[in-house]
Amino acid sequence: MGLTLWRNARLATLDGQAPWGLIERGALLVDGAVLRWVGAEAELPRGLAVEAEHDLGGCLVTPGLVDCHTHLVYGGDRAREFELRLQGATYEEIARAGGGIRSTVQATRAASDEQLFEAARRRALALMAEGVTTLEIKSGYGLSLEHEARMLRLARRLGADLPLTVRTTYLAAHALPPEFEGRADDYLDAACAWLPRLHAEGLVDAVDAFCERIGFTPAQVRRVFEAARALGLPVKLHAEQLSDQGGSQLAAGFGALSCDHLEYLSDDGVAAMARAGAVAVLLPGAFYFLRETRLPPVEKLRAAGVPIAVATDHNPGSSPTLSPLLMLNMACTLFGLTPEEALRGMTVNGARALGLADRGRLAAGQRADFAVWDAEHPAALAYRFGGGNPCRRVVAAGIERAP
Ligand code: NIG
Ligand code: FE
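For the sequence shown, numbering that gives the first Met the number 0 gives the first residue as 0, with consecutive numbering after it.
Following this line, the structure appears as structure tokens:
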């Protein structure tokens, strides 16, 4: 395959030290699935055999978005629970009464493969329409070997069917299934025993857990992480979302790729994450939808040099959003990120939270994953909110996908 030239664009490369890594009148040279050359058009190397050329008419180009934390495969919805919460019930109370995650487990187990797949596919298409080219999907609504396997297989199938990279995360330690009521440790024995079988089937890229009063204790999470470590699998953690459990320190001790949520993160947690090089994945959708008031310690994360990512956390209970751009906006308005930090959070740092170094920037050698926007300046991506999708074209692994 010959080279493809994408020219006449303003590039937000997010590479190098300049703000946004901005290149005016830039061009990208794509060789198969990889970027061969990125720079100002005037400096384009001569004598190359360019097979196809696209004039982008001055549009903005960014790396493809990386949504590094979602629970995209599930049955049912939780609109009724939303009503209850608005009447005063808390997320924790609903969970303790057997609703919450458990109600989605019931709906997911009851749904057919095709129902789950079609619903997840529609959600993925909505994310892709706003520029997503890499997507993480967690299990955690199956909570049995059969149903966790089903969720992970469907996630893999989504990645095979769509022009999109899907990374799968095993989250059996999300909640206690009803058949293990009062036997959390027995459940974790089972969940740890399922992991090697799922991994042997090629279904697991990383392992996650919900470390919380309504989830699992650090001591319990440690067992799951040890099972992951025995298989050489990286870990990440839903940590300090509703209370400070010290989960981040535990995860850091296992060299976690990321700790996610972090509203209640302590100073010790920040320091542990900095030492371990773990990414802080901020989830403004869940903060907003659960009407939380405690903010993640963004300034302390910055000061400690912890990379910050932003994701949708798409799930039916705490963040039923399918708009990555709205999350960029909320990361700025609710958490105080700069628009550039927010975009880096959903590109280069999102990729890092998945252990992927080959994407998230526009630079030679990176995957040719990029999005073309009807926007003058990259700050506009975080500026608008709700409706009017400015994404015009998306290229994944060098191939433009049909609109
Ligand atoms: O990331 N906190 C735990 N897990 C999800 C919510 C899952 C649910 O409520 O269904 C989250 O917020
Ligand atoms: Fe989550």
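Even for Gly, the Cβ is constructed at its ideal location relative to N, Cα and C.
- Residue environment: residue 100 is assigned as buried (16 or more neighbouring CB atoms within 10 Å of its CB, all protein chains considered).
- Taken in chain order, the complete beta strand (DSSP E) segments of 3 residues or longer contained in the segment 264-302 are 278-281.
- Three or more beta-carbon pairs separated by less than 8 Å link the segment 208-216 to the segment 228-248, which places the two stretches in contact.
- Each of 136, 317, 125 was checked against the Cα of residue 71, and the nearest Cα belongs to 136.
- Taken from the Cβ of residue 240, at least one heavy atom of the ligand NIG lies inside 7 Å.
- CA-CA distance, residue 221 to residue 259, rounds to 16 Å.
- Excluding five sequence positions before and after residue 36, the CB atoms of its chain that fall closer than 6 Å to its own CB belong to 28, 363, given in chain order.
- Measuring C-alpha to C-alpha distances from residue 349 to each of 109, 305, 18 identifies 305 as the nearest.
- The nearest non-hydrogen atom of the ligand FE is 7 Å or more from the C-beta of residue 376.
- By alpha-carbon distance to residue 279, the top candidate from 68, 82, 360, 138 is 68.
- Look at residue 247 here: in three-state DSSP terms it is helix.
- Taking C-alpha positions only, residue 203 is separated from residue 151 by approximately 8 Å.
- Taking C-beta separations shorter than 6 Å and ignoring five residues to either side along the sequence, the partners of residue 64 in its chain run 130, 131, 323, 345, following chain order.
- Proximity of the beta carbon of residue 204 to the ligand FE is not indicated: no heavy atom of the ligand is located closer than 7 Å.
- Taking the Cα positions, residue 178 is about 13 Å away from residue 190.
- The way I'd put it, the segment 8-24 does touch the segment 355-373; three or more beta-carbon pairs between them come closer than 8 Å.
- Non-local beta-carbon contacts of residue 256 in its own chain, meaning distances under 8 Å to residues more than five positions away in sequence, involve 205, 233, 234, 235, 277, 278, 351, 352, 353, 354 in chain order.
- Residues 219 of the same chain have their beta carbon placed closer than 8 Å to that of residue 184, with the five preceding and five following residues left out of the count.
- Look at the beta carbons and you see the segment 328-336 touching the segment 372-390: at least three pairs across the two are nearer than 8 Å.
- Residue 200 and residue 48 have their C-alpha atoms some 42 Å from each other.
- In the DSSP assignment, residue 30 forms a beta bridge with 2, 33.
- Secondary structure note for residue 307: its beta strand (DSSP E) is the uninterrupted segment 307-309.
- Within the segment 306-336, complete beta strand (DSSP E) segments of at least 3 residues are found at 307-309, given in chain order.
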